[in-house]
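Chains A and B, in that order, are what the protein sequence lines are.
Each residue of the first sequence is one higher than the one before, counting from 2 in the numbering used here.
Each residue of the second sequence is one higher than the one before, counting from 261 in the numbering used here.
What follows is a single structure, written as structure tokens, with notes after it.
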Amino acid sequence: MQVPLSAYLILSAVLFVLGVIGVATRRNALIIFMSIELMLNAVNLSFVAFSRFHNSMDGQIFVFFVMAVATAEVAVGLAIILAIHRNRETVDVAELNLLKW
Amino acid sequence: MLPLWLIPVWPLLGFLTVGLLGRRLSRPQVAGLACGSVGLSLFASCLAVRGLLALPESGRRVEQVVAPWISVGGFRAEWALLLDPLSAVMILVVSGVGFLIHVYSIGYMHDDRGFSRFFALLNLFTFSMLMLVLADNYLLLYVFWEAVGLCSYLLIGFWFERPAAAEAGKKAFIVNRVGDFGFGLGLMLLWTSLGTLQYGAVFGAAAEKLPFGGALVTAITLLFFLGATGKSAQLPLYVWLPDAMEGPTPVSALIHAATMVTAGVYMVVRSAPLFNLAPVSMAVVAWTGGLTALFAATIALAQTDIKRVVAYSTISQLGYMFLGAGVGAYAASIFHLATHAVFKALLFLAAGSVIHGLHGEQDLSRMGGLRKQMPLTAATFLVGALANAGIWPLAGFWSKDEILHGAFASGHVVLWAMGVGGAFLTACYMLRAYFLAFEGLPRHEAHAHESPAIMTGPLLALAVVAALGGLLIGYPPGHGAYHAFVAPLFAGGEQGGVAEVALAIVSLAVALAGIGLATQLYLLRPHLADRCAARLPRLHRLLRNKYYVDEIYAALVVEPIRRGALFLWRGIDEPVIDGSVNGVGELVRLSGLLLRRLQSGYVMGYVVTFLAGVVVILGVLSRLG
């Protein structure tokens, strides 16, 4: 029996929402990054599902793009967090409030 | 005929040179430049008048355009100068008396820190006054009318660190401004009705276009006269002149006796063709002059400051000039202007000599017996006083008498009587001043010395002219050299005859009576004067306090305006205008205060906001489909 498309999409949506909640709620910068990755991968899942069900390669090709961007973003982001940790001895985003008036 | 601009240009150059370089020049250089420039003006004036005399009697009128000025639409005005007998008399008076006063000032202002500034301003004034009387059109006249007012302000407040002097300068300028407002309105009326302001064109057109006795010409001339009352210190705008005595005495002599205050008389006489068309205005002029003459003379009787006595005397004599003009005796009016310039300048300079000799004392009650210590000053002051009182054969007799004769002969008997009454008072207060200052026992402690030659020289020169001048140019009455000179301008010589001699004897007798009274009260029985004052304390106080006119004006005019200005400032300017400008700033500040809360520095908050925005946009996009 075929797994219906909606199952994939619901899973993707749930994963995405979990990622959003993680970004909005968690204080540890690394956890936030993981949540961002979760969001990106949820979207990847969605793309692949559509590709499979529309019999088109476009979705899967786009997943490559997404992964490349995600990788670059992680590289830069982790470097920033490392720098912050060296400077401030913390990765708690609640403590990064230099832009406060 | 030499270029007329050569007459006023020298004091202008003197002003520029002394004004800009005065600090770097030595005192003799400044004095030389300033006096030399006026001397050159005098020389040029003499040459110009000689050239004028060379012309035939009916053609003595030289108009020269120096430069174009305004040409807008149908209106034209030019820098143009006019020399005719009237302006010829004026330039001789201004440059002649002005020169003597400049020389006198070298001695009087000798110790003053502002020596070069003084001479620069005096030169500027002389330039402005010469331009005023040489102007060929009303606009140029008005420009220099204002200019002499400015110089008057600067010179009255010359010692500006003294509050009284600064106040007096302001008062003079503001009161003059009221009059000038009227003059300006009159000029505008004149232009809108005749389309030109050039003398020749105006007088020609007036005869055709303005109906005799009409409302328009009456309005114009009355407005002109308002300006004249301001500049020439008549009722109701005379109040600035006594206060103007705060300025140095040469300033009082030049500006407030001989020249600037006569600008009003000159302007009225110059506008004679207009005034001749408005009998109502002429009556106003004559009556204002007569009343002022009498009014000021009564005040002079009770003043103790020597300069103020002479100041009120000036106001009174200007009243005589307007009286003469108002009854149509224009020639007599200008004659009196000229003789008055000489003897009034003499009186002021002599008073200045007294003040200089007493190191600043001006109160008559603290003088006395100065004749022995300052014989030249005393003698010249006496000559001036007698000339002012109208004693034959001094200059004042001839000119004042002509005015009185003109009044009587044209039927204004009441005005004539007022003039005679004024003559009595004039003789009285003038000799009173002389006796109090120079005769009797000394009431001062200071040792007075006669002034240096540079000051007594001009005194002697003026005394000689005051003594003989009237006789030389004004005799026989109505047919002297002066009258022949100005005759083409002023029609109507009703002089001569037995009536004239009778009137002359009356005024002479009255003047002698005044002298007699003064002699009794102030020379022979000094305590008598105090007893009179004690018997009539209220009258004495009324005169002493100048009828409280200054206080009345302060209460009726100055105070309401001051309150109004205070209200406009505190009540409107500050809350409304400053308030709205500051309010805008306040608004920006408050909104900034609110908006900066967005910058919490809290990254989580930023993220949530970000996400919320994305949701909203997606929602909108999906709705739009």
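Think of the CB as a built atom: it goes at the ideal place given N, C-alpha and C, for glycine as much as any other residue.
Keep in mind that this is a model prediction, so the values were computed, not measured.
Can you tell me which of the three DSSP states Gln859 of chain B falls into?
As a first step, residue 859 of chain B must be located in the second sequence, where it is residue number 599. The answer is coil: DSSP assigns Gln859 of chain B none of H, G, I, E or B.
To the nearest angstrom, how far is the alpha carbon of Glu90 of chain A from that of Ala80 of chain A?
For the purposes of this step, residue 90 of chain A is taken as the residue at position 89 of the first sequence. For the purposes of this step, residue 80 of chain A is taken as the residue at position 79 of the first sequence. When rounded, the distance between both Cα atoms is 15 Å.
Buried or exposed for Leu878 of chain B, going by 16 or more other Cβ atoms inside 10 Å?
If you number the second sequence from 1, residue 878 of chain B lands on position 618. Label assigned to Leu878 of chain B: exposed.
Rounded to the nearest angstrom, what separates Ile615 of chain B and Glu621 of chain B at their Cα positions?
Walking along the second sequence from the start, residue 615 of chain B turns up at place 355. Walking along the second sequence from the start, residue 621 of chain B turns up at place 361. Going from the Cα of Ile615 of chain B to the Cα of Glu621 of chain B covers about 5 Å.
In terms of alpha-carbon separation, which member of B:Ala308, B:Leu293, B:Leu341 lies closest to Asn397 of chain B?
Walking along the second sequence from the start, residue 397 of chain B turns up at place 137. Comparing Cα-Cα distances from Asn397 of chain B to each of B:Ala308, B:Leu293, B:Leu341, the minimum goes to B:Leu341.
Length at least 3, wholly inside the stretch 700-742 of chain B: the beta strand (DSSP E) runs in chain order
none
Taking Ala25 of chain A as the query, report the chain B residues whose CB atoms sit under 9 Å from its CB, ordered along the chain.
Within the first sequence, residue 25 of chain A is the residue found at index 24, counting from 1. Near Ala25 of chain A (Cβ distances below 9 Å), the residues of chain B are Met864, Val867, Val868, Leu871.
Cutting at 7 Å between CB atoms, please list the residues of its own chain near Phe932 of chain B, excluding the five before and the five after it.
Here chain B has residues from 261 to 885 only, and residue 932 of chain B is not among them.
What's the gap between the Cα of Phe242 of chain B and the Cα of Asn88 of chain A?
Nothing in the structure corresponds to residue 242 of chain B, since chain B is present only between 261 and 885.
Distance between Thr26 of chain A and Phe65 of chain A (C-alpha atoms, nearest Å)
Position 64 of the first sequence, counted from the first residue, corresponds to residue 65 of chain A. Position 25 of the first sequence, counted from the first residue, corresponds to residue 26 of chain A. Using only the alpha carbons, I get a separation of about 29 Å.
Shortest alpha-carbon distance to Ala560 of chain B belongs to which of B:Met690, B:Val357, B:Phe275?
Taking the first residue of the second sequence as 1, we reach residue 560 of chain B at position 300. For the residues B:Met690, B:Val357, B:Phe275, the minimum Cα distance to Ala560 of chain B belongs to B:Met690.
Hey, could you find the ends of the beta strand (DSSP E) Phe335 of chain B is sitting in?
Counted from its first residue, the second sequence places residue 335 of chain B at position 75. Start and end: 335-343.
Does Glu421 of chain B come out as helix, strand or coil in the three-state DSSP assignment?
The sequence position of residue 421 of chain B within the second sequence is 161, counting from 1. Here Glu421 of chain B sits in coil by DSSP.
Count the other CB atoms, across all protein chains shown, that sit within 10 Å of the CB of Arg320 of chain B; report buried if there are 16 or more and exposed otherwise.
The residue you call residue 320 of chain B lines up with position 60 of the second sequence. By the 10 Å Cβ count, Arg320 of chain B comes out buried.
At the level of alpha carbons, what is the spacing between Phe9 of chain A and Phe63 of chain A?
Residue mapping note: residue 9 of chain A aligns to position 8 of the first sequence, counting from 1. Residue mapping note: residue 63 of chain A aligns to position 62 of the first sequence, counting from 1. The identity of residue 9 of chain A in the sequence shown is Tyr, whereas the question assumes Phe. Going from the Cα of Tyr9 of chain A to the Cα of Phe63 of chain A covers about 17 Å.
Cβ atoms of Thr519 of chain B and Met389 of chain B: under 8 Å apart, would you say?
Along the second sequence, read from residue 1 onward, the residue named residue 389 of chain B stands at position 129. Along the second sequence, read from residue 1 onward, the residue named residue 519 of chain B stands at position 259. Yes, Cβ-Cβ distance for Met389 of chain B and Thr519 of chain B is below 8 Å.
Can at least three beta-carbon pairs, one atom from the stretch 546-557 of chain B and one from the stretch 409-423 of chain B, be found at a separation below 8 Å?
Remark: fewer than three beta-carbon pairs, one from each stretch, lie closer than 8 Å, so the stretch 546-557 of chain B and the stretch 409-423 of chain B are not flagged as touching.
Sequence-distant residues of the same chain with beta carbon closer than 6 Å to Val353 of chain B, five excluded per side:
Counting from 1 along the second sequence, the entry for residue 353 of chain B is found at position 93. Excluding positions up to five away in sequence, the list reads Ala598, Ala601.
Does Val64 of chain A get closer than 8 Å to chain B when you measure Cβ to Cβ?
As a working mapping, residue 64 of chain A is identified with position 63 in the first sequence. Using a CB distance cut-off of 8 Å, Val64 of chain A does not count as an interface residue toward chain B.
Short check: CB of Leu486 of chain B to CB of Ser613 of chain B, under 8 Å?
What you label residue 486 of chain B is simply residue 226 of the second sequence in a count that begins at 1. What you label residue 613 of chain B is simply residue 353 of the second sequence in a count that begins at 1. No; because the gap between Cβ atoms is not below 8 Å, this pair is not in contact.
Is the Cβ-Cβ distance between Ile566 of chain B and Ala693 of chain B less than 8 Å?
Locating residue 566 of chain B in the second sequence gives position 306, counting from the first residue. Locating residue 693 of chain B in the second sequence gives position 433, counting from the first residue. By the CB criterion at 8 Å, Ile566 of chain B and Ala693 of chain B fall inside the cutoff.
Can you give me, in chain order, the residues of the stretch 828-862 of chain B that have a beta carbon less than 8 Å from any beta carbon in chain A?
Arg856, Arg857, Gln859, Ser860, Gly861, Tyr862
Is Pro635 of chain B helix, strand or coil when you go by DSSP?
Sequence index remark: in the second sequence, residue 635 of chain B carries index 375 (1-based). When secondary structure is reduced to three states using DSSP, Pro635 of chain B falls in the helix class.
Going along chain B in order, which residues have a C-beta closer than 9 Å to the C-beta of Val21 of chain A?
Taking the first sequence and counting its residues from 1, one reaches residue 21 of chain A at position 20. Neighbours of Val21 of chain A on chain B, chain order: Leu871.
Verify the CB distance criterion: does Leu41 of chain A have a CB-CB separation below 8 Å to chain B?
Here residue 41 of chain A refers to the residue found at position 40 of the first sequence. Chain B, which has no Cβ nearer than 8 Å to the Cβ of Leu41 of chain A, makes this no.
On the CB-based measure, 16 or more other CB atoms within 10 Å of its CB, does His596 of chain B come out buried or exposed?
The residue given as residue 596 of chain B occupies position 336 in the second sequence. By the 16-neighbour rule on beta-carbons within 10 angstroms, His596 of chain B is buried.
Could you round the C-beta distance between Ala488 of chain B and Gly650 of chain B to whole angstroms and report it? I think they count as a contact, below 8 Å.
As a working note, residue 488 of chain B is residue 228 in the second sequence. As a working note, residue 650 of chain B is residue 390 in the second sequence. With a Cβ gap of about 23 Å, Ala488 of chain B and Gly650 of chain B do not count as contacting.
Between Leu400 of chain B and Ala424 of chain B, what straight-line distance do the alpha-carbon atoms span, to the nearest angstrom?
Translated into the one-based positions of the second sequence, residue 400 of chain B becomes position 140. Translated into the one-based positions of the second sequence, residue 424 of chain B becomes position 164. Cα to Cα, the separation comes out at about 33 Å.
Extent of the continuous alpha helix (DSSP H) to which Ala598 of chain B belongs
On the second sequence, residue 598 of chain B is found 338 positions in, with the first residue counted as 1. Start and end: 590-617.
Between Gly839 of chain B and Trp102 of chain A, what straight-line distance do the alpha-carbon atoms span, to the nearest angstrom?
Along the second sequence, one-based indexing puts residue 839 of chain B at 579. Along the first sequence, one-based indexing puts residue 102 of chain A at 101. Taking the straight line joining both Cα atoms gives about 29 Å.
One question on the structure: do Leu394 of chain B and Ser347 of chain B come within less than 8 Å of each other, judged by their Cβ atoms?
Position 134 of the second sequence holds residue 394 of chain B. Position 87 of the second sequence holds residue 347 of chain B. Result yes, Cβ atoms of Leu394 of chain B and Ser347 of chain B sit closer than 8 Å.
Run through DSSP, which three-state label would Trp451 of chain B get?
As a first step, residue 451 of chain B is located in the second sequence; it is residue number 191 there, counting from the start. DSSP places Trp451 of chain B in helix when its eight states are reduced to three.
Taking the C-alpha atoms as reference points, what is the distance between Met715 of chain B and Leu360 of chain B?
Against the second sequence, residue 715 of chain B aligns to sequence position 455. Against the second sequence, residue 360 of chain B aligns to sequence position 100. A straight line joining the alpha-carbon of Met715 of chain B with that of Leu360 of chain B spans about 9 Å.
Proximity of Leu803 of chain B and Ala645 of chain B at Cβ, strictly below 8 Å
As a position in the second sequence, residue 803 of chain B is number 543, starting the count at 1. As a position in the second sequence, residue 645 of chain B is number 385, starting the count at 1. No, the pair does not count as a contact, with Cβ atoms beyond the cut-off.
Please report the distance separating the alpha-carbon of Leu855 of chain B from that of Gly845 of chain B.
On the second sequence, residue 855 of chain B is found 595 positions in, with the first residue counted as 1. On the second sequence, residue 845 of chain B is found 585 positions in, with the first residue counted as 1. Cα to Cα, Leu855 of chain B sits roughly 15 Å from Gly845 of chain B.
What number of angstroms, rounded off, separates the C-alpha of Arg849 of chain B from the C-alpha of Ile832 of chain B?
Your numbering for residue 849 of chain B matches position 589 in the second sequence. Your numbering for residue 832 of chain B matches position 572 in the second sequence. Their Cα atoms are separated by approximately 24 Å.
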